[in-house]
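When you read off a place in the sequence shown, starting at 1, and then add 23, the result is the number in the numbering used here. No residue lacks a Cβ here, since even glycine has one placed at the ideal position from N, Cα and C. Note that the structure is a prediction, hence the values are computed from the model and not measured. This report concerns only the one structure given below.
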Amino acid sequence: MTEQNGSRRLHIGILGCRGIPNHYGGYEQFAEYLACGLVRKGHQVGVYISSLHPYAADSWRGVRLIRRQDPENRLGAFGQFIYDLNCLRDARRRKFDVLLQLGYTSSAVWYPVWPADARNIVHLDGLEWKRSKYNYPVRQFLKWMEKLVTRRADALIADSPVIKNYTRETYRCHSELIAYGAETAIQPDLKHLEKMGLEPGNYLLAISRFVPENNLELILEGHRNSDCARPLIVIGNAGNRYGAWLTGRYASPVIRFPGPIYDKPVLDSLRAYAGLYLHGHSVGGTNPSLLEAMACRVPICAHRNDFNAAVLGPDAYYFRDSREVSQIISNFERQAAPEGWTEANFRKIQTDYQWPVIVDRMEKLFFKVMDESRR
24 MTEQNGSRRL
34 HIGILGCRGI
44 PNHYGGYEQF
54 AEYLACGLVR
64 KGHQVGVYIS
74 SLHPYAADSW
84 RGVRLIRRQD
94 PENRLGAFGQ
104 FIYDLNCLRD
114 ARRRKFDVLL
124 QLGYTSSAVW
134 YPVWPADARN
144 IVHLDGLEWK
154 RSKYNYPVRQ
164 FLKWMEKLVT
174 RRADALIADS
184 PVIKNYTRET
194 YRCHSELIAY
204 GAETAIQPDL
214 KHLEKMGLEP
224 GNYLLAISRF
234 VPENNLELIL
244 EGHRNSDCAR
254 PLIVIGNAGN
264 RYGAWLTGRY
274 ASPVIRFPGP
284 IYDKPVLDSL
294 RAYAGLYLHG
304 HSVGGTNPSL
314 LEAMACRVPI
324 CAHRNDFNAA
334 VLGPDAYYFR
344 DSREVSQIIS
354 NFERQAAPEG
364 WTEANFRKIQ
374 TDYQWPVIVD
384 RMEKLFFKVM
394 DESRR
């Protein structure tokens with residue numbers, strides 16, 4: 024840590040994601056906004072980036088990109104463990120003041136090589152061991168990793184009050200409540216709809232990874248069995264086995280799978296002009312896609328669980344199964360969402376989920392952990 028003109032400047036490392044700019048998902052988006060925000064505050068920030076990432080330069084918007092070998096394309100999920108180990112071994116020589124680890128699934132197992140001279144802060148994400156894609160032995164392993172990281176980290180971050188309460192009740196440990204953020208300066212453009220043959224308000228939208236705990240099957244089955252004539256557009260990478268099964272089963276003229284889209288203006292336009300946004304995430308804490316839908320003022324139909332309810336409150340439709348999805352969609356065809364829902368959700372973003380607020384909270388936590396380490 025250095026001081027310049029009376030201001031403290033930190034050397035911060037961020038690992039646990041595939042890198043920035045975001046081409047993948049929630050952690051990458053979080054790293055992107057956080058790193059750029061910290062750089063604007065004068066801090067020196069390095070983000071670890073996978074060797075498989077398509078961005079080739081060694082910096083992005085003032086953030087140093089530290090590229091390390093990632094064998095996931097050859098080893099599958101096990102490659103993530105090797106990638107995280109490569110990042111941690113490199114971090115040991117970087118003299119970071121703070122090392123922010125996004126998630127614990129693969130980095131916790133390598134805690135003996137965590138940099139001893141850095142303050143190690145872990146973002147817990149969701150309850151990884153509850154994800155249905157894992158078998159029983161893997162779930163038990165993940166629960167062990169979760170317990171381990173609560174004992175080894177210098178500080179923990181929970182992105183949802185549900186996660187914060189869980190860590191307190193299960194492990195009797197404190198975690199800082201810092202959620203994801205979202206931008207409110209949305210400028211939707213109809214040209215993005217025209218390229219996809221869509222009309223404003225005349226389609227339903229879901230943006231999701233193709234994994235079982237995101238409940239896409241319930242959404243797809245519910246739409247197929249509803250009275251809805253409007254097409255359902257499902258954005259995401261369906262390249263895995265589960266995605267191939269879903270697209271093979273449900274693809275039709277009224278259920279479309281255009282593939283992954285990472286261009287934010289395009290995504291914002293699709294959200295803003297959708298008639299209804301369908302959100303099936305059920306495990307991973309506060310979800311960035313949900314926040315962005317709220318920022319776009321689109322009516323929302325979400326899976327009924329504590330994570331989504333903590334964000335949306337009473338201002339959304341909720342479903343538990345495909346039958347309820349069908350009922351909600353069919354009723355929505357005949358009657359619009361209650362007036363005030365979209366504005367109430369937009370105000371929540373303005374109050375609790377603005378990116379500058381999130382960056383300030385993270386910086387405050389970093390300084391707090393540094394000060395505690397000097398006592």
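So the candidates are the options; which of them puts its Cα closest to the Cα of residue i?
i	options	result
T309	E206, F280, L299, N331	N331
Q163	G220, V136, T128	T128
L150	G60, W167, I144	W167
V185	D329, A367, Y341	D329
G49	G298, C319, K287	K287
Y203	G363, D383, N354	D383
N143	H34, F342, T207	H34
F355	S396, G298, I381	G298
V172	S275, A131, D338	A131
F342	Q52, F104, L239	L239
S183	S305, R370, Q210	S305
I381	E51, L57, Q52, F390	L57
L388	A181, A208, F280, M219	A181
R63	R84, E51, A54	R84
R357	R174, R253, G271	R253
H326	W268, G271, N237	N237
V145	Q52, A100, R175	R175
N263	E395, T190, A100	A100
I209	F369, S396, S30	F369
Hey, would you say residue i sits closer than 8 Å to residue j, going by beta carbons?
i	j	result
G307	S231	no
A141	D120	yes
P106	G224	Going by the sequence as given, residue 106 is Tyr instead of Pro. No, the Cβ-Cβ distance between Y106 and G224 is not below 8 Å.
L147	L123	no
A316	Y300	yes
L435	E386	Outside the displayed range of the chain (24 to 398) lies residue 435, so it cannot be described from this structure.
Y265	P235	yes
G65	R32	yes
P138	R115	yes
S353	C251	yes
W378	E199	no
Is residue i helix, strand or coil by DSSP?
i	result
V121	strand
S396	helix
E206	coil
Y157	coil
L150	coil
E222	coil
Y300	strand
Y78	coil
W83	strand
R63	helix
N96	helix
E240	helix
V68	strand
N188	helix
C196	coil
Y47	coil
N354	helix
E40	Sequence check: residue 40 is Cys here, not Glu. Here C40 sits in coil by DSSP.
V257	strand
V145	strand
So residue i and residue j are in contact, right, with Cβ under 8 Å, and what is the actual spacing, rounded?
i	j	result
R435	V321	Only positions 24 to 398 of the chain appear in this structure, which leaves residue 435 out of reach.
L216	S292	6 Å
L290	I372	Their Cβ separation, rounded to whole angstroms, is 15 Å, which puts L290 and I372 out of contact at 8 Å.
D177	V334	The pair is not a contact, with the Cβ atoms about 28 Å apart (cut-off 8 Å).
Using a Cβ-Cβ cut-off of 8 Å (strictly less than) and excluding sequence neighbours within five positions of residue i, which residues of its own chain qualify?
i	result
H46	H76, P77, Y78, Y285
S82	L88
N260	R232, F233, G266, G282, P283
Q67	R32, L33, H34, I35, R87
I43	E51, A54, E55, A58, V70, I72, Y78, W83, V86, L88
Apart from the five residues on each side of it in sequence, which residues of its chain come closer than 7 Å, Cβ to Cβ, to residue i?
i	result
C110	L38, Y71, R91
D93	S73, S74, L75, G102, Y106
K170	Y194
E95	L75, G102, Q103, Y106
W364	P322, D338, A339
A367	D338
K187	A181, S198, L200
Leaving out five residues on either side along the sequence, give the residues of the same chain with a beta carbon under 6 Å from the beta carbon of residue i.
i	result
N28	The predicted model places N28 with a pLDDT of 48, which falls under 50 and marks its position as unreliable; any figure quoted below should be read in that light. Hits under 6 Å: none found.
N248	S349
Y273	L243
G69	G36, R87, I89
A360	P322
W133	L108, L111
L255	L227, H246, I278
At a cut-off of 7 Å, would you count residue i as near the ligand GTP, judging by its Cβ distance to the nearest heavy atom?
i	result
N310	Absence of the ligand GTP is noted for the structure shown, with no ligands found whatsoever.
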